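Numbering (this note's numbering), first residue to last: 74 to 197.
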């Protein structure tokens, strides 16, 4: 009984604190990894596909207007008649979605760390 009491009084708070520190470091590591993935691979790949899409749009006389609303029908026709443009559009959508997911994961991890730190400022 004495050992159990000592364990719960002395050891458990230390283990709990260490596990929270490890969790914070893991969240920080995930945020750094997702930012690196996005910056090193996903972002440049999305940019390359975007420029390829832009080249196909210029071949068909599109892409010089401001906003997409003015030539929505022309873009729909281009997507239907040019399989290369359709493939570029699909690939760009995938890369853009992965980039947004990386940003969201990094944001959530960083925000969780900041909230935890703010709530425990009195213990620092």
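For glycine and all other residues, C-beta sits at the position ideal for the given N, C-alpha and C.
Just so you know, these numbers come straight off a predicted model, no measurement behind them.
Taking a cut-off of 8 Å on C-beta distances, the region 123–138 does not touch the region 176–192, as fewer than three cross pairs fall below it.
Non-local C-beta neighbours of residue 164 in its own chain, meaning closer than 6 Å and more than five positions away in sequence, comprise 122, ordered along the chain. A straight-line Cα-Cα distance of about 26 Å links residue 106 and residue 193.
For residue 139, the secondary structure class from DSSP, reduced to helix, strand or coil, is coil. Here the region 92–111 makes contact with the region 156–176; the two share three or more CB pairs at distances below 8 Å. Secondary structure note for residue 185: its alpha helix (DSSP H) is the uninterrupted segment 156–192.
Secondary structure at residue 134: coil, using DSSP grouped into helix, strand and coil. Around the CB of residue 93, fewer than 16 other CB atoms lie within 10 Å, so the residue is classed as exposed.
Sixteen is the threshold: when 16 or more other Cβ atoms of the shown chains lie within 10 Å of the Cβ of residue 115, as they do, the residue is buried. Setting aside the 5 residues that flank it on each side, residue 136 is surrounded in the same chain by 127, 130, each with a C-beta closer than 8 Å to its C-beta; the list follows chain order. CA-CA distance, residue 119 to residue 157, rounds to 16 Å.
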